Amino acid sequence: MNRGMGDDERHDAPHDDATDELLAAVVAGDVERDDPRVAALPIERRRRLDALLRLQERLDEAADDERALLDEIDGVADGAAATRTGPVVLPGPRRLASTFWLRAAGVTAVAAGLLLLVQSLLPPEPAAPPGGGSLGGGQLGSEVAIELLAPRGAVDSFAPFQWRLADAPPLARYVLLIWDGSGPAPDSGGRPLIEREVDGTQWSPAAGDPPLPRRIAWRVDLRPLDGARQRGPVETAWRER
Amino acid sequence: MTSASPPADDAVPQRTALEELELVRRALAGDPAARTALSPYFAKVPRIVAALCRQSGTRLAPQDQEDVVQDCQTLLWRKLPDFAGRARLTTWLFRVVGLELKNALRRVAKRKKSLIAPDPGDREEPLSSADDPSRRLGTLAAEELLARLEPTPMEVVRRRHWEEQTFEEIATVLGMKVSQAKSLYYRALVRLHGFLTEPGAGGPRG
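If you read the protein sequences in the order shown, they are chains A and B. Per numbering that gives the first Met the number 0: the first sequence = residues 0 to 240. Per numbering that gives the first Met the number 0: the second sequence = residues 0 to 205.
Right, here's the structure in full:
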């Protein structure tokens, strides 16, 4: 047993130093992922390797996002709100160089790539889940208590779709599904009009999305970082005009 | 660096990492000119706080934003001795603020007076539970995860991903064999993955 490994290692298939060396070599880029030696590993080890490779990608993205945000922070011209900063090094009178929010100048949020960890680190799911939806496929776990905030019932406009989940697991993402409300019930296997994986708790249709019918049913599933996707509740809404 | 007075604006002069480290050391030793020269760096804290809050979707009343900024600046001064010059000072400030911001927002949330109540007609993203705004800071997960590693593995990961160094470069800088650097890196990734998947995984240790 190798010390220093995370607790999760104890739950894996038995491993040895040779396997760890091989995985370390793949992660370091010295051995290709499709090397026959990797293919010969137990599936649990290959899945773990793939998760580590995805984690590498997300770390790269997080680093890129940080650099971009730092560039933005350094590059913001604060002439309009600049003040002599004075002795801000020392705790003292509250002085702010700016009280207005930065524009989101197209800079990717720091570590936004890590929000993709949920999708990336989960193993690919082979089949469509019951109840419709094909994104990530596979059996859905038990229902999760996501609170669907809007739209609900009669509304002027569906967007933005908003939801909330108390105590959401870290780096979990959501899968939003929207059905034609005049069609079969969402849990009857009908294919959704829209299925999107979202890293926040709201979503609005984009220009390229299909138009929504007057009446819709929608659901938000939870996709934890590791583990089965969990089905959320269904809500209906309709446009009054 | 020769001027003892602050620049006309809060632009940070170009300095090398070593120069920044020396600046910090002199400031900590009580050099008034050095402390003044650090002002432009700390002047970025409001922008950092604003940017991080924006990304997390957290909206703060102006007064509470001031409180958060003040808390972060106080912490930064207290943690300044930890600055080792491994990253640029602005980057270090950014990362420390990121880790502290969650705590600062918790303090604000406890007062239950700072989160701007959404207008009934406001369709902006809903605020998180007033008791736990920190969960909105998912975008800072990278810093929180790295903070849970031991220093050397964390350094290896940072150099590999944030500084895009090769293992040969990392090994040279850290004074170890290349094979050791690769092993540390692999184990660090395993640990990070474990943190992400453990029940109740969340913020940094301690």
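For glycine and all other residues, C-beta sits at the position ideal for the given N, C-alpha and C. Just so we're clear, the structure is a prediction, and the values are computed from it rather than from any experiment.
Next on the checklist: Strictly below 8 Å CB to CB, what residues from chain B border V143 of chain A?
Outcome noted: The premise fails here: V143 of chain A is roughly 15 Å from chain B at the closest Cβ pair, so nothing lies under 8 Å.
Item to check | Residues that DSSP places opposite R163 of chain A in a beta bridge | outcome: A:E146
Item to check | Beta-carbon gap between H192 of chain B and A62 of chain A smaller than 8 Å | outcome: no
Checklist entry - Mapping DSSP to helix, strand and coil, what is G193 of chain B? => result helix
Next on the checklist: Between W161 of chain B and chain A, is the shortest Cβ-Cβ distance under 8 Å, so that the two count as touching?
Outcome noted: yes
Next on the checklist: For V44 of chain B and V11 of chain B, which I take to be in contact (beta-carbon distance under 8 Å), what is that distance rounded to the nearest angstrom?
Outcome noted: 12 Å between Cβ atoms; not a contact.
Checklist entry - If you measure beta-carbon to beta-carbon, which residues of the stretch 20-41 of chain A are closer than 7 Å to chain B? => result L22, A23, V26 and A27
Checklist entry - Quick one, which residues of the stretch 171-198 of chain B are near chain A if we go by CB-CB under 8 Å, in chain order? => result K181, S182, Y184, Y185, R186, L188, V189, R190, L191, H192, G193, F194, L195, T196 and E197
Item to check | Residue range of the beta strand (DSSP E) that includes L175 of chain A | outcome: R172 to D179
Checklist entry - Between I145 of chain A and L164 of chain A, is the Cβ-Cβ spacing less than 8 Å? => result yes
Next on the checklist: Rounded to the nearest angstrom, what separates S182 of chain B and P223 of chain A at their Cα positions?
Outcome noted: 28 Å
Checklist entry - So the beta strand (DSSP E) L221 of chain A belongs to, where does it begin and stop? => result R214 to R222
Next on the checklist: Is the beta carbon of V174 of chain A closer than 8 Å to that of E196 of chain A?
Outcome noted: yes
Item to check | Euclidean distance between Cα positions of L58 of chain A and G74 of chain A | outcome: 24 Å
Checklist entry - What residues from chain B crowd round D59 of chain A, counting only those whose CB sits closer than 7 Å? => result H160
Checklist entry - Hey, does I177 of chain A have any beta-carbon neighbour from chain B nearer than 8 Å? => result no
Checklist entry - Closer than 8 Å, CB to CB, is A16 of chain B near chain A or not? => result no
Item to check | Contact list for A62 of chain A against chain B, beta-carbon separation under 7 Å | outcome: H160 and W161
Item to check | For V143 of chain A and G199 of chain A, believed in contact at Cβ under 8 Å, the rounded distance | outcome: Going by Cβ atoms, the distance from G199 of chain A to V143 of chain A rounds to 16 Å, so no, they are not a contact pair.
Item to check | Delimiting residues of the beta strand (DSSP E) encompassing R238 of chain A | outcome: V233 to R238
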